[in-house]
Amino acid sequence: MATKTIQQIIPPPPPHMVGDGFRVHNFFPGNDFISEKRMSPFFMLDYNSKVEFSPREIPRGVGVHPHRGFETVSIAYHGRIAHHDSTGNSGVIAEGDVQWMTAASGVLHKEYHEAEFSRQGGLFQMVQLWVNLPSKYKMSEPKYQAITNADMGRFELPAESGYVEIIAGDYGGVKGPATTFSPMEVYNVILFDGGGISIDLPAHYNTGILIIEGQVKINNTAIAPQDNFVLFRNDGETITLVAEEKSIILVLSGEPINEPLASYGPFLMNTYEEIEQAYTDYRQGKFGYLED
Ligand code: MN
Numbered sequence: 167m168a169t170k171t172i173q174q175i176i177p178p179p180p181p182h183m184v185g186d187g188f189r190v191h192n193f194f195p196g197n198d199f200i201s202e203k204r205m206s207p208f209f210m211l212d213y214n215s216k217v218e219f220s221p222r223e224i225p226r227g228v229g230v231h232p233h234r235g236f237e238t239v240s241i242a243y244h245g246r247i248a249h250h251d252s253t254g255n256s257g258v259i260a261e262g263d264v265q266w267m268t269a270a271s272g273v274l275h276k277e278y279h280e281a282e283f284s285r286q287g288g289l290f291q292m293v294q295l296w297v298n299l300p301s302k303y304k305m306s307e308p309k310y311q312a313i314t315n316a317d318m319g320r321f322e323l324p325a326e327s328g329y330v331e332i333i334a335g336d337y338g339g340v341k342g343p344a345t346t347f348s349p350m351e352v353y354n355v356i357l358f359d360g361g362g363i364s365i366d367l368p369a370h371y372n373t374g375i376l377i378i379e380g381q382v383k384i385n386n387t388a389i390a391p392q393d394n395f396v397l398f399r400n401d402g403e404t405i406t407l408v409a410e411e412k413s414i415i416l417v418l419s420g421e422p423i424n425e426p427l428a429s430y431g432p433f434l435m436n437t438y439e440e441i442e443q444a445y446t447d448y449r450q451g452k453f454g455y456l457e458d
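Residue 232 in the working numbering sits at position 66 of the sequence shown; the count goes up by one each step and never skips.
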């Protein structure tokens with residue numbers, strides 16, 4: 167099979183704060199390199215690279231806000247996040263865990279550092295992805311998938327190279343637990359020093375990887391350091407990764423959703439009429455109620 171070649175290795179853009187709890191590098195869509203549709207079905211990637219938070223009694227985070235038309239996927243690498251939404255779901259995203267929230271027709275939620283983590287302070291590192299929904303699912307019922315690290319599929323690589331945690335899709339016949347509304351693959355690849363992996367993904371899938379930890383040689387041609395995002399061309403199927411030191415790599419790959427996009431603030435729809443409707447419904451209390 168042909169190699170899926172590198173389009174660009176993108177260093178982390180300057181960070182900004184989301185609320186007072188998340189210091190994120192927005193790799194897309196808010197930069198010059200990756201347009202709104204280039205990584206479809208993934209619409210947004212906010213990456214909170216490693217940061218030390220000082221102890222604080224009142225947890226930092228983001229207060230009550232709405233979402234409609236897509237899914238938010240939060241992956242915690244260090245630290246813990248508490249979450250509440252207007253459908254009554256709440257939970258803690260602990261280190262190594264994932265929360266896959268389908269906002270769909272609409273929820274209100276809030277995202278804060280978990281109380282005990284906030285009191286202790288410490289190292290914090292996480293990813294938030296916005297995954298678009300095909301038009302026919304945008305107004306479906308909201309749902310919530312709490313995926314612990316133990317729930318993930320696990321594929322052991324040969325020769326003690328490392329292992330793959332499969333969140334969605336499958337690798338080597340091992341399936342991930344997340345149910346999705348369009349075809350996609352989401353993995354954490356953990357490679358020990360010198361370990362390697364080959365990953366086959368359809369050529370037309372939009373594909374990128376984020377180096378969470380370590381440093382990785384890609385396709386035996388280029389080196390991506392920690393906190394960099396690597397965008398691949400849609401020209402082949404196979405990616406090879408070799409770790410230059412112990413590394414963790416988030417792999418994102420999915421079939422593009424070829425539909426019109428209308429995005430504004432916390433809403434992601436197909437038309438601007440639907441965006442206006444979302445604001446109207448929000449003002450009229452149709453997203454439910456959640457205490458601040
Ligand atoms: Mn949110």
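Virtual Cβ for every residue (Gly too), placed ideally from N, Cα, C.
Helix, strand or coil for residue i, going by three-state DSSP, please let me know.
i       : result
Ile-441 : helix
Ser-345 : It is Thr, not Ser, that sits at residue 345 in the sequence shown. Residue state, collapsed to three classes: coil.
Glu-270 : The question names Glu, but residue 270 in the sequence shown is Ala. Residue state, collapsed to three classes: coil.
Glu-282 : helix
Pro-179 : coil
Gln-446 : Per the sequence shown, the amino acid found at residue 446 is Thr instead of Gln. Looking at Thr-446 - three-state DSSP - the assignment turns out to be helix.
Ala-325 : helix
Lys-383 : strand
Lys-302 : helix
Asn-197 : coil
Asn-394 : coil
Asn-315 : helix
Phe-453 : coil
Would you decide whether residue i is buried or exposed? Buried here means 16 or more other CB atoms lie within 10 Å of its CB.
i       : result
Leu-434 : buried
Gln-291 : buried
Lys-276 : buried
Ala-325 : exposed
Met-183 : exposed
Thr-253 : buried
Ala-316 : exposed
Met-267 : buried
Ile-389 : exposed
Gly-431 : exposed
Glu-282 : exposed
Leu-289 : exposed
Ser-201 : exposed
Thr-373 : buried
Ser-419 : buried
Cα-Cα, which of the options is closest to residue i?
i       : options                               : result
Pro-195 : Ala-248, Met-167 and Val-297          : Val-297
Thr-169 : Thr-406, Thr-437 and Tyr-430          : Thr-406
Ile-378 : Arg-222, Phe-188 and Ile-241          : Ile-241
Pro-178 : Met-167, Glu-202, Ser-206 and Tyr-213 : Tyr-213
His-250 : His-244, Val-258 and Tyr-243          : Val-258
Lys-304 : Arg-234, Tyr-337 and Tyr-371          : Arg-234
Glu-425 : Arg-226, Gly-262, Pro-308 and Ser-301 : Ser-301
Val-239 : Glu-421, Lys-309 and Ser-215          : Lys-309
Asp-359 : Ala-409, Tyr-371, Tyr-353 and Gly-342 : Ala-409
His-244 : Val-293, Leu-418 and Leu-211          : Val-293
Met-318 : Leu-299, Ile-415 and Lys-341          : Lys-341
Arg-246 : Met-167, Gln-174, Arg-226 and Gly-362 : Arg-226
Ile-468 : Asp-198, Thr-346 and Arg-222          : There is simply no residue 468 to check, as the chain begins at 167 and stops at 458 in what is shown.
Lys-216 : Asp-393, Gln-443, Asp-401 and Phe-453 : Asp-393
Leu-274 : Gly-229, Gln-286 and Gly-262          : Gly-229
What are the partner residues of residue i, as DSSP defines its beta bridges?
i       : result
Lys-170 : Bridge partners of Lys-170: none, in fact.
Ala-242 : Met-292
Asp-458 : Note: Asp-458 sits in no beta bridge, so no partner.
Arg-320 : Glu-331
Val-217 : Phe-290
Ile-247 : Ile-259 and His-279
Asn-372 : Gly-420
Asp-366 : Thr-404
Glu-309 : Note on identity: in this sequence residue 309 is Lys, with Glu being the wrong assignment. Paired residue(s): Thr-268.
Asp-212 : Asn-192 and Gln-294
Return yes when at least one heavy atom of the ligand MN lies under 8 Å from the C-beta of residue i, else no.
i       : result
Glu-322 : no
Leu-237 : A small correction: the amino acid at residue 237 is Glu; Leu does not occupy that position in the sequence shown. Outside the cutoff, so no.
Pro-180 : no
Pro-432 : yes
His-279 : no
His-244 : no
His-250 : no
His-233 : yes
His-275 : yes
What I want to know is whether the C-beta of residue i ends up closer than 8 Å to one or more non-hydrogen atoms of the ligand SAH.
i       : result
Val-228 : For the ligand SAH, the structure offers nothing, since it holds only the ligand MN.
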